[in-house]
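Numbering-wise (full-length UniProt numbering), the sequence shown opens with residue 1 and increments by one.
Everything on this sheet refers to the single structure shown next.
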Amino acid sequence: MRVSGPTPICGTISGIRGCMRIHHHYHLSKNLGNFLVWLLGGCFSFTGKMQDHGSLPSVLDVHVNIAGRSSVQGKVKSRKARWSVRPSDMSNKTFNPIRAIVDNMKVKPNPNKTMIALSIGDPTVFGNLPTDPEVTQAMKDALDSGKFNGYVPSIGYLSSREEVASYYHCPEAPLEAKDVILTSGCSQAIELCLAVLANPGQNILVPRPGFSLYRTLAESMGIEVKLYNLLPEKNWEIDLKQLESLIDEKTVCLIVNNPSNPCGSVFSRRHLQKILAVAARQCVPILADEIYGDMVFSDSKFEPLATLSSNVPILSCGGLAKRWLVPGWRMGWILIHDRRDIFGSEIRDGLTKLSQRILGPCTLVQGALKSILCRTPREFYHNTLSFLKSNADLCYGALAAIPGLRPIRPSGAMYLMVGIEMEHFPEFENDVEFTEQLVAEQSVHCLPATCFEYPNFFRVVITVPEVMMLEACSRIQEFCEQHYHCAEGSQEECDK
């Protein structure tokens, strides 16, 4: 029907009040008219220009009369175009305490002394710890083969996952390829585990002192972090009573880092069994950060957590970075230990879905995995550990002789922690100021343990060449001698 001039369409549908006036000339179908009346339930005046093909006008003058009240006539338009680009909530919530502290240091090193960085957890920095030739040859062979240049499943080549499963399989903790997910470094493995286990508003249990990335990842995802204490007087064992007191109905994951960064500690079998007992009693799954697994000194033994329990579901994270001394190759993995099928298919499927966000780790390294795992000689591992233990003993002995410092002897990994008796260094308010001034005067950079949520300690990396370690310890001794003051009532100690 053609409408000329204002033509009323009155309430022809039961229960609908109002009428609608259509201005200008265009054809309005009865169904569309009834729909508009039903949708808005009022009286309208539309002014619009019909397109040639008979569709509704792109801009309408709308006058609405609802229950006797008339609105002001105006044009319905799209939003005003303007630039308004803001960072996401996730980016705003992402915070790395190490970067925040180190980047805000205002001091400059002493220009008369060569800088010695004992702060970087990268074993390749000084060139004294190269990977084994078999490892680099495996990469060259993978590249030359031309077989590993394309996309692969996001969780990794099946053949590569089979190799990792075979390498870590044992009767106490059996593994198959389906239990392995390859990741872009151990850091991504940890991220995927947190993302699959926790929702915003839930909480995870994290060691203090502990690797700062746990908090960085969790808080960026809206996950609450609860800190459980490690005890320096017990070689950094967990305060199990305090740990268990933190668990509530929103706790979804316990992170256990063994061997430890930053402590260099290695848990005994007995202590690991006690940790598992807490997890079993409270029904909390474990994320086992075992990137330093097997990097333990001769007087200690590494026990993979999954070998000690068949009833606690465990996601074990590891990779090539530390043991094979190639952190830049970014090859990590998640080992799923779930013999009671508590995770079921949902957690496995969730990890697969999450891995699809970046389509998997480097294919060349995947292609080299079989040779890396099978052909690296035992002598390589032995030599690396012998060097680290020698440096650890050297550093511990030198720092333990310095008044005001309390180093904790490490048992593995690449670090040791040193306590600062702040009462003997009153000009410094905390460990951050202490380490800043150490840089300014002696050009020795150690990380303040505030980076690891543990003030009044600092962390030393023990991967530097021996001559550099000796020089660094000598400078730390000189620094402490210059700033040491007897605490009140301790003159007898000062006279020694």
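Virtual Cβ for every residue (Gly too), placed ideally from N, Cα, C.
{"Check": "Cross-strand partners of THR183 (DSSP beta bridge)", "Outcome": "GLY332"}
{"Check": "Residues near ALA195 by beta carbon distance below 6 Å, same chain, minus five either side", "Outcome": "LEU354"}
{"Check": "Anticipated Cβ contact below 8 Å, THR124 with TRP324, distance rounded", "Outcome": "Rounded, the Cβ-Cβ distance is 11 Å, inconsistent with contact."}
{"Check": "One or two residues paired with MET417 in a DSSP bridge", "Outcome": "ILE408 and ARG459"}
{"Check": "Beta-carbon separation (whole angstroms), LEU197 vs CYS283, contact threshold 8 Å", "Outcome": "Actually they are not in contact, since the Cβ atoms of LEU197 and CYS283 sit about 13 Å apart, beyond 8 Å."}
{"Check": "In chain order, each alpha helix (DSSP H) run of at least 4 residues that lies wholly inside the segment 275 to 336", "Outcome": "none"}
{"Check": "Residue interval of the alpha helix (DSSP H) (run including LYS226)", "Outcome": "Element bounds for LYS226: not the alpha helix (DSSP H) but the beta strand (DSSP E), 224 to 231."}
{"Check": "Stretch-stretch touch, CB-based, cutoff 8 Å, three pairs: the segment 382 to 397 with the segment 158 to 166", "Outcome": "no"}
{"Check": "Unbroken beta strand (DSSP E) run spanning CYS395, endpoints", "Outcome": "Per DSSP, CYS395 belongs to no beta strand (DSSP E); it is in the alpha helix (DSSP H), 378 to 400."}
{"Check": "Validate contact between the segment 144 to 161 and the segment 398 to 415 using beta carbons, cut 8 Å, 3 pairs", "Outcome": "no"}
{"Check": "C-beta contact flag for ILE238 and ILE275 at 8 Å", "Outcome": "yes"}
{"Check": "Under 8 Å between C-beta atoms of TRP333 and ALA218", "Outcome": "no"}
{"Check": "Those residues which DSSP pairs with LEU205 across a bridge", "Outcome": "LYS226 and LEU254"}
{"Check": "Straight-line gap, PRO171 to ALA306 (C-alpha atoms, nearest Å)", "Outcome": "11 Å"}
{"Check": "Limits of the alpha helix (DSSP H) - the one that ALA138 falls within", "Outcome": "133 to 145"}
{"Check": "Contact check, LEU287 vs LEU394, beta carbons under 8 Å", "Outcome": "no"}
{"Check": "ILE476 - containing alpha helix (DSSP H), residue span", "Outcome": "466 to 483"}
{"Check": "Own chain, CB closer than 6 Å to PRO403, minus 5 neighbours either side, in chain order", "Outcome": "TYR484"}
{"Check": "Under 8 Å between C-beta atoms of ALA280 and VAL256", "Outcome": "no"}
{"Check": "Residue environment, PHE95, which counts as buried when at least 16 other CB atoms sit within 10 Å", "Outcome": "exposed"}
{"Check": "The alpha helix (DSSP H) enclosing SER166, as first and last residue numbers", "Outcome": "158 to 168"}
{"Check": "DSSP three-state assignment for ILE238, whether helix, strand or coil", "Outcome": "strand"}
{"Check": "CB contact flag (LEU369, SER160, <8 Å)", "Outcome": "yes"}
{"Check": "Length of the line joining the Cα atoms of ASN229 and LEU416", "Outcome": "17 Å"}
{"Check": "Straight-line gap, ARG340 to GLU290 (C-alpha atoms, nearest Å)", "Outcome": "22 Å"}
{"Check": "The segment 107 to 117 contacting the segment 431 to 444, beta-carbon criterion three pairs below 8 Å", "Outcome": "yes"}
{"Check": "8 Å Cβ cutoff met for VAL444 and ILE420", "Outcome": "no"}
{"Check": "Enclosing alpha helix (DSSP H) for ALA177 [first to last residue]", "Outcome": "No alpha helix (DSSP H) holds ALA177; DSSP gives it neither H nor E."}
{"Check": "Alpha-carbon to alpha-carbon, ALA449 and TYR214", "Outcome": "15 Å"}
{"Check": "Extent of the continuous alpha helix (DSSP H) to which residue 497 belongs", "Outcome": "Absent from the model: residue 497. The displayed extent of the chain is 1 to 496, so no value can be given."}
{"Check": "Check whether LEU182 and GLN356 have beta carbons under 8 Å apart", "Outcome": "no"}
{"Check": "Alpha-carbon to alpha-carbon, CYS480 and PRO87", "Outcome": "44 Å"}
{"Check": "Cβ-Cβ distance between THR352 and VAL152 below 8 Å", "Outcome": "no"}
{"Check": "Residues near ASN258 by beta carbon distance below 6 Å, same chain, minus five either side", "Outcome": "PHE267"}
{"Check": "Proximal residues to ASN128 (C-beta, below 6 Å), its chain only, five neighbours per side dropped", "Outcome": "PRO465"}
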